[in-house]
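Following: one structure in structure tokens, then a few remarks.
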Amino acid sequence: MAKQPQGLTSRAPFSHRFRWTLLFATLGVLVWWTAGASPRPKPPTTIGASCQTSQCHSNYGKQGKSIHRPVKYKKCQFCHKPTQPRRHQFQPVDRSNQACFTCHRKQPGLHKHKKNIQGWSCIQCHTPHQSPWKKLLRKPPTQLCKSCHTSYHRKLSGRFASTHKPLLRGQCLNCHRPHLPSPRRKLLRTNNTRMCVSCHRRDIRTMRAKHHKHPKVTTQCMSCHRPHRSRHANLLRRKGKQLCLQCHKTLKPNHPKHTLASGKKSIFHKPVQDNCSACHTAHSSNHKGLLQQPSNKLCLQCHQSSFAQHKRAKSWHNMASASSCLKCHQPHHSKHPKLQKQQEKKLCLSCHNKQLRSKQGHVIANIKAHLQGKRNPHKPIQKGQCSVCHAPHHSSQHSLLKKTMASAFYVAFRKGKFKLCFSCHKADLVTQKRTQATKFRNGTLNLHYIHVNKQRRGRNCSACHDAHASRQPALIRAFVPYGKKGKQAAWKLPIKFRKTARGGSCVSGCHAAKKYNRQRPVRKGYVRYPTR
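Everything in the sequence shown is counted per this note's numbering, starting at 1 for the first residue and increasing by one.
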């Protein structure tokens, strides 16, 4: 091989040296560049103030209405635990609330918020760092409650007659405790009554000042009222009488108590069928039975027409003008007409079982004793219907009679003076001289006509007949009060009547024995009185 000329070097060594020189020059430039630039920040290796720097978490602890204390005092290690500090890696936050319970001590209780016992975390409602609302809430209280109680608030979104004011204002926490254990249902702060009293103090004070109270007022307000909203006024659970019937079940028309043996139903007072509040107050009253007014005044609000002429009446029932209508009537329902407490005759005799004196000073006989042992009662008495003749409240006639009935022994005859008797008996008994329409006749001579139809000394019906009952036939009296000595009868005029198959005989204090016969008129022993 030919040799290279002198002065020339080899290409391979030069190329090798150039490569190494270029490499070191490049490294030098890089070192110089990196040395002049700002140093790269190291990842934080501790938990504390270094978490809140201008480059990292700069806004924590500075914004919001409420700030979590560990954030405020830069004690992040209370909640966050590093696993690889150099890589800025941390253990996930414990969502079982144990981290919260290290400071917020867990307390035992009977009823807890479901969020605390069903695997939910506290941070479902609270932010762990800071919040624009109190208590580190994620939303305003009402919106926060609605976020879970969606079905409940959806039901309340319709039209309602009444809404509780705290609900309108979004003040759920006025009544409920959000998560702390509570010894009462629904996380209430206290029992129902105390809860209501906290706002309705004046109302409760007024109720307690009265003599008679609804038992539910002092025990369970929620038994009648809803706590949030209602389709009825005053937050009531039901409308009108339906609410009352929840407890007063025996007032229901279909209750077995009101089915009579005949299959008919009891008679109900109209307010019971419509609305109980027409007579009663719901909470308290100064009158027995929670009545709005004394019973007799309360009745007059509707039954004014029944008592319109009461003050101008000639006679009135002592019970109607005394303490209460409830002496005779049931306020809610009855098995008897007019809501009477008992069958009519029994009801009247419950008072007329002794001698009474009317407000006008008249002595009223013991009717119960008068009826005892009498074989011949008046038909209305026999049927137990005292009201056929007597008005129950007041009357323009004496003795509470419904129609005109002369009271004097001698009366000049006028049909208008005997309207009460003629309301059942035909006037022909007195107006016709010859008739066969009555059994009290001598042949065809009407003896009623002879006794009554006179302008002078005409006899009153009650001169011979007892209006209630008698031991003698045809309601003939045993005696008749005749004449007056002060307020008492001067003489008890005796009457002895005997009935036969075809007629009868009568002996009285004013004449000797008189006989009559319907088929064979008596000629002897009978005196014909002048008729005019």
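Where a beta carbon is used, it is the ideal one built from N, C-alpha and C, also for glycine. Just so you know, these numbers come straight off a predicted model, no measurement behind them.
Inset, instruction - Spatial neighbours of A463 within its chain, please: CB distance less than 6 Å, with the 5 preceding and 5 following residues excluded, ordered by chain position. - result: The residue you call residue 463 lines up with position 463 of the sequence shown. Excluding sequence neighbours, A463 sits near F409, V480.
Inset, instruction - Could you round the C-beta distance between K134 and S66 to whole angstroms and report it? I think they count as a contact, below 8 Å. - result: For the purposes of this step, residue 134 is identified with residue 134 of the sequence shown, where counting begins at 1. For the purposes of this step, residue 66 is identified with residue 66 of the sequence shown, where counting begins at 1. Going by Cβ atoms, the distance from K134 to S66 rounds to 5 Å, so yes, they are a contact pair.
Legend entry - Spatial neighbours of I204 in its chain, beta-carbon cut-off 6 Å, leaving aside the 5 residues before and after: On the sequence shown, position 204 is the one that residue 204 refers to. V197, listed in sequence order.
Legend entry - C-alpha gap between Q397 and L349, whole angstroms: What you label residue 397 is simply residue 397 of the sequence shown in a count that begins at 1. What you label residue 349 is simply residue 349 of the sequence shown in a count that begins at 1. Looking at the two C-alpha atoms, the distance is approximately 21 Å.
Inset, instruction - Could you check what DSSP says for G64 in three-state terms: helix, strand or coil? - result: For this step, residue 64 is matched to residue 64 along the sequence shown. Judged by DSSP in its simplified three-state form, G64 adopts coil rather than helix or strand.
Inset, instruction - Grab me the residues of C145's own chain with a C-beta within less than 6 Å of its C-beta, minus the 5 sequence neighbours each way, in chain order. - result: The count along the sequence shown starts at 1 and reaches residue 145 at position 145. Excluding residues within five positions, the ones whose Cβ falls inside 6 Å are C172.
Inset, instruction - Have a look at I367, Q98, R185 and flag the residue whose alpha-carbon is nearest the alpha-carbon of I123. - result: Here residue 123 is taken as the residue at index 123 of the sequence shown, counted from 1. Distances from the CA of I123 to each of I367, Q98, R185 were compared; the closest alpha carbon is that of Q98.
Legend entry - Alpha carbon of H451 to alpha carbon of T431, nearest angstrom: One-based indexing of the sequence shown puts residue 451 at position 451. One-based indexing of the sequence shown puts residue 431 at position 431. It is roughly 11 Å from the alpha-carbon of H451 to the alpha-carbon of T431.
Inset, instruction - Let me know the secondary structure DSSP gives L445 once reduced to three states. - result: One-based indexing of the sequence shown puts residue 445 at position 445. L445 falls in the strand class under three-state DSSP.
Inset, instruction - Would you decide whether V363 is buried or exposed? Buried here means 16 or more other CB atoms lie within 10 Å of its CB. - result: Locating residue 363 in the sequence shown gives position 363, counting from the first residue. Exposed: under 16 other Cβ atoms inside 10 Å.
Inset, instruction - Identify every run of the beta strand (DSSP E) within the stretch 446-493, keeping only runs that are complete inside it and at least 3 residues long; order them along the chain. - result: Runs of the beta strand (DSSP E) inside the stretch 446-493: 479-485.
Inset, instruction - Grab me the residues of K403's own chain with a C-beta within less than 8 Å of its C-beta, minus the 5 sequence neighbours each way, in chain order. - result: Taking the first residue of the sequence shown as position 1, residue 403 is located at position 403. Counting only Cβ-Cβ distances below 8 Å, and skipping sequence neighbours, we find Q397, K419, L420, S423.
Inset, instruction - Would you kindly work out how many angstroms separate the C-alpha atoms of Y529 and H468, rounded to a whole number? - result: Within the sequence shown, residue 529 is the residue found at index 529, counting from 1. Within the sequence shown, residue 468 is the residue found at index 468, counting from 1. Low confidence applies here, because Y529 scores a pLDDT of 44, under 50, leaving its location unreliable and the question unanswered by this model.
Legend entry - Which listed residue (G373, N460, L298, I367) has its alpha carbon closest to that of C386: The count along the sequence shown starts at 1 and reaches residue 386 at position 386. Checked all of G373, N460, L298, I367; the closest Cα to C386 is I367.
Legend entry - Residue nearest to K415 in terms of C-alpha spacing, selected from T435, S395, Y449: For the purposes of this step, residue 415 is taken as the residue at position 415 of the sequence shown. Nearest in C-alpha terms to K415, of all of T435, S395, Y449, is Y449.
Inset, instruction - Could you check which residue in P128, R502, L371 has the C-alpha nearest to that of K72? - result: Mapped onto the sequence shown, residue 72 falls at position 72. Nearest C-alpha to K72: P128.
Legend entry - For Q519, the nearest candidate out of C461, Q436, I476 (CA to CA): As a first step, residue 519 must be located in the sequence shown, where it is residue number 519. Looking only at C461, Q436, I476, the smallest Cα-Cα distance to Q519 is reached by Q436.
Inset, instruction - Leaving out five residues on either side along the sequence, give the residues of the same chain with a beta carbon under 6 Å from the beta carbon of A406. - result: For the purposes of this step, residue 406 is identified with residue 406 of the sequence shown, where counting begins at 1. Taking C-beta separations shorter than 6 Å and ignoring five residues to either side along the sequence, the partners of A406 in its chain run K417, N460, following chain order.
Legend entry - Coil, strand or helix - S358 by DSSP: Position 358 of the sequence shown, counted from the start, is the residue given in the question as residue 358. Secondary structure at S358: coil, using DSSP grouped into helix, strand and coil.
Legend entry - For S334, the nearest candidate out of L251, Q292, N318, H394 (CA to CA): Position 334 of the sequence shown, counted from the first residue, corresponds to residue 334. Closest by alpha carbon: L251.
Legend entry - For G443 and S505, the rounded distance between their alpha carbons: Position 505 of the sequence shown, counted from the start, is the residue given in the question as residue 505. Position 443 of the sequence shown, counted from the start, is the residue given in the question as residue 443. Taking the straight line from one Cα to the other gives about 14 Å.
Inset, instruction - Report whether the distance from the Cβ of L445 to the nearest heavy atom of the ligand NAD is below 7 Å. - result: The ligand NAD is absent from the structure shown, which contains no ligands of any kind.
Inset, instruction - Quickly, what does DSSP pair P82 with across the bridge? List them, please. - result: Your numbering for residue 82 matches position 82 in the sequence shown. P82 is bridged to F90.
Inset, instruction - May I ask you to verify whether the stretch 275-285 touches the stretch 207-225, counting CB pairs closer than 8 Å and requiring at least 3? - result: Inter-segment contact for the stretch 275-285 and the stretch 207-225 is present: three or more beta-carbon pairs are separated by less than 8 Å.
Legend entry - Bridge partners - V507, DSSP secondary structure assignment: Here the question's residue 507 lines up with position 507 in the sequence shown. Among the bridge pairs identified by DSSP, V507 is matched with K496.
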